[in-house]
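Participant:
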Amino acid sequence: MKKLVSLFLAFVMAVGLVGCGSSSDNGNSSVGGVVKLDGSTSMEKLVGALSEAMPEAYPNISLEAQFTGSSSGIKALIAGTADIGDASRNLKDDEIASGAVENIVAIDGIAVAVNPNLRVGDITSEQLAQIYTGEITNWSQLGGQNEAIVVIGRDSASGTRGAFEEILDIEGACKYAQEIESTGAVVAKVASIEGAIGYVSLDMIDDTVKAMSLNGVAPSNETIADGSYTLARPFVMATMGEISQQSEAVKAVFDFIASEDGQKVLEAVGLVGVN
Amino acid sequence: MEAKNLSIFSSRKSKSVTERTAAIILRICAIMSIVAVASITIYMVISGTPALFSQGFADILFNPVWNPTGKNPEFGILYIIITSIFGVAAAIVIGVPIGLLTAVYLSEIAQPRARTVVRSAVELLAGIPSVIYGLLGILIINPVMYDIERALFANDPNHQMTGGSNLLSAILVLAIMILPTLINISQTALEAVPDNFRKSSLALGASKIQTIFKVVIPAARNGILSAIVLGVGRAIGEAMAIVLVSGNSVNFPTPFASVRFLTTGIVTDFAYATGVHLDVLYTIGLVLFVFIIVINIVLTKVVKAGVANGK
């Protein structure tokens, strides 16, 4: 008998809790479902922050994210295994021809990272291009200490590398000393080698490395948004067909990003909104 | 009773059913690995050959320029192939003397207590995940290499500083990684040499060291060769450890150059590659696969030659 009573009480409490949950939402709980994302490793922080922040506004939507790279994310989108393909670059013509639509959700600044001990803080686009093409090989040529430059880049198909080389117009002309397959590893290498230079997303800059100013402009959300810092690239969340043709759950993701809360998320991970 | 049905004293019918079922299960298990090998072979050939035909054999296999994402993409993997061959050969040259002499020590000279200690060290070495070797390479070998590099090339304007991630680092990591394979198989081969050989040699007045190098090692020659061939196989297939220490730029394999191996070429590019670039990665896989097959054929020949010689 005691058992029955406690079971009954537990049941009542459970119902009460469910009631609490549904009464405290703000009307978005009618939209539900799982949204599958796949794509750029550079967008991992953004997508992670989104999937943490979204349940507050949309309690029944969950984001299922994979980070396999820009191109393979778009491949997954076209193959139908993902609802949203994340790309840290503009879509290519053949991807658009397959039906993928480019939705730019944010702009990411590419920071030029150097070792904190380096006595050079500012560089011009031209000098940066010359470093990466092997014309400048020692920091003393730029007014720094006598330290050889170790040119570090990403693997040949990375979105960051593609954006970096395209913006500086040095595609295929770079002479890399090291080609690293992840953004985090670039930061680690730059932090450990005194003469190293590398490029990473602005939000990846931490205390272990120093971000250089480019043409006298330090990278920051403001300078990227107003266009004065020129090393920047779009973050694309591609969909098959326009957003208006997507499921309610996918639409909700884009609605959330456009909302005030969503823009705060972008800011929190070091990105600049496009709205 | 279940136990009774399974026993050979039970009826002939149930016995033959049990026997036959067991035989079928065993056969299916045996077929699994054949199916796996066959499907991998077919898959590698199907996905690895299109790029060869679309780009031309020579433009991929004998072309040194690797620029897969440029405006005029080139997919030459010559330097990558040479790097793999050169790197593995150098690792073998460093690893084989150390491995063989360790095996000699373990099987011929060591006291039981010392043998246990060295053996457990070797076994531990074999069990360490390859990514750990890579991390240690970054932390220990790369900084040392960078110091050497800075000293050697301080005034050489043509040398690009690599920060210590170079071919030599990868060779050192590989040489350590193949040691367990070399030691274990060589030791088994040395221990399989009949004791009469040693006794006869010692009885004829040869010293212990003379016996080891003139009698025991020659007698265990085929086993040692198998160890070397398996070591080559282990080294050529390694990716995780050397991707962290080798720098990954495509260059001709000089000791202080940043280099890319066949395996690391696939690892670094696979996540992002599209179109022909992706096809060429499969071609790299096919080349690697061919290397492994050749190594296995050589191994089979070595073992067969040993049987034919009566050793």
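Chain order of the listed sequences is A and B. Just so we're aligned, residue 253 is where the first sequence starts under this note's numbering, counting upward by one. Just so we're aligned, residue 3 is where the second sequence starts under this note's numbering, counting upward by one. Quick reminder that beta carbons are idealized off the backbone N, C-alpha and C, glycines included. Given the structure is predicted, the values throughout are model-derived calculations rather than measurements.
1) Interface residues of chain B around A:Ser408 at Cβ under 7 Å?
2) Quick one: what's got a C-beta closer than 7 Å to A:Glu296's C-beta in the same chain, skipping five residues either side?
3) Could you say which of A:Asn369, A:Val286, A:Gly300, A:Ile375 lies nearest to A:Asn538 if we only look at CA atoms?
4) Would B:Ala243 pass as an interface residue toward chain A - the criterion being a Cβ-Cβ separation below 8 Å?
5) Give the straight-line distance between the Cα atoms of B:Ile83 and B:Gly50, rounded to the nearest whole angstrom.
6) Can you find the residues in the same chain that come closer than 6 Å, C-beta to C-beta, to B:Tyr135, ignoring five residues on each side of it along the sequence?
7) Any contact of the region 117-126 of chain B with the region 196-209 of chain B, i.e. 3+ C-beta pairs under 8 Å?
8) Express the C-alpha separation of B:Ile238 and A:Leu343 in angstroms, rounding to a whole number.
9) Given B:Leu102, which residues of its chain have a CB within under 6 Å of its CB, disregarding the five upstream and five downstream residues?
10) Between A:Ala448 and chain C, is there a C-beta pair that is closer than 8 Å?
11) Compare the C-beta of B:Tyr81 against all C-beta atoms of chain A and say whether one is closer than 8 Å.
12) Whose C-beta lies closer than 6 Å to the C-beta of A:Pro368 among residues of the same chain, with five residues either side of it excluded?
13) At a Cβ threshold of 8 Å, is A:Ala429 touching chain B?
14) Mind pulling the chain A residues with CB within less than 9 Å of B:Asn250?
15) Out of B:Phe88, B:Lys210, B:Gly58, state which residue places its alpha-carbon closest to the alpha-carbon of B:Ala112.
16) Assuming contact is defined by CB atoms lying nearer than 8 Å, are B:Ser171 and A:Tyr428 in contact in what I supplied?
17) List the endpoints of the continuous beta strand (DSSP E) containing A:Ser338.
18) Using a Cβ-Cβ cutoff of 7 Å, what residues of the region 21-51 of chain B are near chain A? List them in chain order.
19) Closer than 9 Å by beta-carbon distance: list the chain A residues that pair up with B:Thr276, in chain order.
20) According to DSSP, what are the bridge partners of B:Glu76?
21) If you follow the alpha helix (DSSP H) that B:Glu110 is part of, which residue opens it and which one closes it?
22) So which residues of chain A does B:Thr164 contact, with C-beta pairs closer than 8 Å?
23) Is it buried or exposed, A:Cys426, if we count other Cβ atoms within 10 angstroms and call 16 or more buried?
24) What span of residues does the alpha helix (DSSP H) with B:Ser203 cover, start to end?
25) Determine the direct distance from the alpha carbon of B:Ile48 to that of B:Arg236, and round the result to whole angstroms.
26) Anything in chain A within Cβ reach of B:Pro159, meaning under 8 Å, just list it in chain order.
27) For A:Val283, which residues of its own chain have a beta-carbon under 7 Å away from its beta-carbon, when the five flanking residues on both sides are left out?
28) Tell me where the alpha helix (DSSP H) around A:Asp455 begins and ends.
29) When burial is assigned at 16 or more other CB atoms within 10 Å of the CB, is A:Phe416 buried or exposed?
30) Give every residue of the same chain whose Cβ lies closer than 6 Å to the Cβ of B:Ile185, excluding the five residues on either side of it in the sequence, and list them in chain order.
31) Whole angstroms are fine: how far does the CA of A:Ile383 sit from the CA of A:Glu512?
32) Using DSSP with H/G/I as helix, E/B as strand and the rest coil, what is B:Ser167?
33) Return the residues of the region 447-466 of chain A that lie within a Cβ-Cβ distance of less than 7 Å from chain B, sorted by chain order.
34) Could you tell me whether the Cβ of A:Gly414 comes closer than 8 Å to any Cβ of chain B?
35) Which residue marks the beginning of the beta strand (DSSP E) containing A:Ala484, and which one marks its end?
36) For B:Ala25 and B:Ile36, I'd like the C-alpha separation in whole angstroms.
Facilitator: So, to answer that:
1) Pro70, Thr71, Asp271
2) Phe319
3) In the structure as shown, chain A starts at 253 and stops at 527, and residue 538 of chain A therefore has no counterpart that could be examined.
4) no
5) 15 Å
6) Val175, Met179, Ala243
7) no
8) 37 Å
9) Ser188
10) In the structure shown, chain C cannot be found, because the protein chains are A and B.
11) no
12) Lys462
13) yes
14) Asp407, Tyr428, Gln430, Glu431, Ile432, Glu433
15) B:Lys210
16) no
17) Looking at the sequence provided, one finds Asp at residue 338 of chain A rather than Ser. Taken as a continuous stretch (DSSP letters only), the beta strand (DSSP E) holding A:Asp338 covers 336-339.
18) none
19) Ser323, Ser324, Ile326, Lys327, Lys344, Asp346, Glu347, Ala409
20) B:Asn69
21) That residue, B:Glu110, is in no alpha helix (DSSP H); it is neither H nor E in DSSP.
22) Val402, Ala429, Gln430
23) buried
24) 197-205
25) 25 Å
26) Thr389
27) Tyr310, Asn312, Ile313, Glu500, Ala501, Ala504
28) From DSSP, A:Asp455 is part of no alpha helix (DSSP H); its letter is neither H nor E.
29) buried
30) Gly101, Thr104, Ala105, Val124
31) 41 Å
32) coil
33) Gly447, Ala448
34) yes
35) 484-492
36) 17 Å
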